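See structure below.
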Amino acid sequence: MSEAPDAARGVSVSLPENLISTVRERAGGKREFSRYVREAVEHRVHMEDLDQLIADHEARHGRIPEEEIRAAEAELFGEAHGDTAAA
1 MSEAPDAARG VSVSLPENLI STVRERAGGK REFSRYVREA VEHRVHMEDL DQLIADHEAR
61 HGRIPEEEIR AAEAELFGEA HGDTAAA
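In my numbering, the protein residues as written are 1 to 87.
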């Protein structure tokens with residue numbers, strides 16, 4: 001019988017002591033530590049998937065124009081996002 005693809009399984013990961021301390025402070029208990037690390041890894045995987053999606057799109061259609069990027073950022077994050085002129 002094979003495991004479900006999203007079934008949790010323990011693995012060993014080496015981390016610097018200061019990072020372990022920081023995660024413990026922010027996450028809480030042992031299960032929360034694992035959840036915190038899992039969510040961080042999932043976030044990284046999602047970001048890399050988005051990078052690949054953008055690269056594939058640009059390979060087929062050319063570079064995304066800056067004005068389209070700014071419009072998307074404004075829609076997602078508000079008009080002031082990334083506006084360094086106001087600083």
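In this text, a Cβ means the ideal position worked out from N, Cα and C, and glycines have one as well.
This structure is a prediction, so every number in the text was calculated from the model and none was measured.
8 angstroms Cβ cutoff met for residue i and residue j
{"i": "Arg44", "j": "Phe33", "result": "no"}
Rounded distance between the beta-carbons of residue j and residue i, thought under 8 angstroms
{"i": "Arg35", "j": "Ala27", "result": "7 angstroms"}
{"i": "Ile64", "j": "Glu73", "result": "The pair is not a contact, with the Cβ atoms about 12 angstroms apart (cut-off 8 angstroms)."}
Where the alpha helix (DSSP H) containing residue i begins and where it ends
{"i": "Ala80", "result": "Note, Ala80: premise wrong, no alpha helix (DSSP H); not H, not E."}
{"i": "Arg24", "result": "17 to 27"}
{"i": "Ile54", "result": "30 to 61"}
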